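The block underneath contains the structure these notes are about, expressed in C-alpha cells.
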Amino acid sequence: MQTPLRIRISWHAGHLTATLDDTPTTQALAQALPLVSTARAWGEEVYFDTGVSGSRETDARQVVEPGTVTFWTDGDALALPYGPTPISQGEECRLASPCNVLGRIDGDPSLLATVRGGDPVRVELVDA
258 MQTPLRIRIS
268 WHAGHLTATL
278 DDTPTTQALA
288 QALPLVSTAR
298 AWGEEVYFDT
308 GVSGSRETDA
318 RQVVEPGTVT
328 FWTDGDALAL
338 PYGPTPISQG
348 EECRLASPCN
358 VLGRIDGDPS
368 LLATVRGGDP
378 VRVELVDA
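Numbered according to the working numbering, the sequence shown spans residues 258 to 385.
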C-alpha cells in the first residue's frame, strides 16, 4: 500500500498539515510543490491558486465536511472550507461549484480562520 501523501500549508499566523488521497489531481499537485500563492477568503473557506489545472473527477462534490481538502477546477485552486460560505444552506460547507476531493486537514480546520485575504500561503510536501 502506498504511503498517504501529506502536505503542510503555512501562512503568517500559523500552519496545518493535511493527508491526501491518491487521485489524479493530488498527483498533479504534488508535482507542482512547493508552491507559494496568495490566499483569498470566501465566507469560511480559504482558497488560492496553485498553477495546476485539472479536470473535474467523477466524485467531485459541492457540499463537503469542514476540513475537506478540495481542488476547484474552475479556478485551478485549492479550496479549504472550514465553515459556511456565502451560498451555504445552514451550517454546511457549500463550495462555489463541485470540487475534486483530495483529502482531509489533520487536526482542527478552524485554524484557517487566521488566514487573511492577501496573505502569502506556502504549500509543501511533508517528508514521511
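For glycine and all other residues, C-beta sits at the position ideal for the given N, C-alpha and C. These numbers come from a predicted model, not from an experiment.
For the region 377 to 385 and the region 287 to 297, state whether three or more C-beta atom pairs, one from each stretch, are separated by less than 8 Å. Enough Cβ pairs lie closer than 8 Å, so yes.
So what's His274 in DSSP terms, helix, strand or just coil? Walking along the sequence shown from the start, residue 274 turns up at place 17. As written in the sequence, residue 274 is Thr, which differs from the His given in the question. Looking at Thr274 - three-state DSSP - the assignment turns out to be strand.
In chain order, which beta strand (DSSP E) runs of at least 3 residues are fully inside the region 308 to 354? The qualifying runs are 318 to 321, 325 to 329, 334 to 338.
Since Thr282 is in the alpha helix (DSSP H), which residue starts that stretch and which ends it? Walking along the sequence shown from the start, residue 282 turns up at place 25. For Thr282, the uninterrupted alpha helix (DSSP H) segment begins and ends at 281 to 289.
Enclosing beta strand (DSSP E) for Leu262 [first to last residue]: Residue mapping note: residue 262 aligns to position 5 of the sequence shown, counting from 1. Leu262 -> beta strand (DSSP E) spans 262 to 268.
For a test of the three-state rule: what should DSSP assign to Ala296, helix, strand or coil? Within the sequence shown, the letter at position 39 stands for residue 296. Coil at Ala296, not helix or strand.
Give me the residue from Asp331, Arg263, Gln288, Gly364 with the minimum Cα distance to Asn357. As a first step, residue 357 must be located in the sequence shown, where it is residue number 100. The shortest C-alpha separation from Asn357 is found at Asp331.
Alpha carbon to alpha carbon, how far is Leu273 from Thr315? Here the question's residue 273 lines up with position 16 in the sequence shown. Here the question's residue 315 lines up with position 58 in the sequence shown. Near 28 Å, if we compare the C-alpha coordinates of Thr315 and Leu273.
Give the straight-line distance between the Cα atoms of Ser345 and Asp365, rounded to the nearest whole angstrom. Here residue 345 corresponds to residue number 88 of the sequence shown, with the count starting at 1. Here residue 365 corresponds to residue number 108 of the sequence shown, with the count starting at 1. In this structure, the alpha-carbon of Ser345 lies about 20 Å from that of Asp365.
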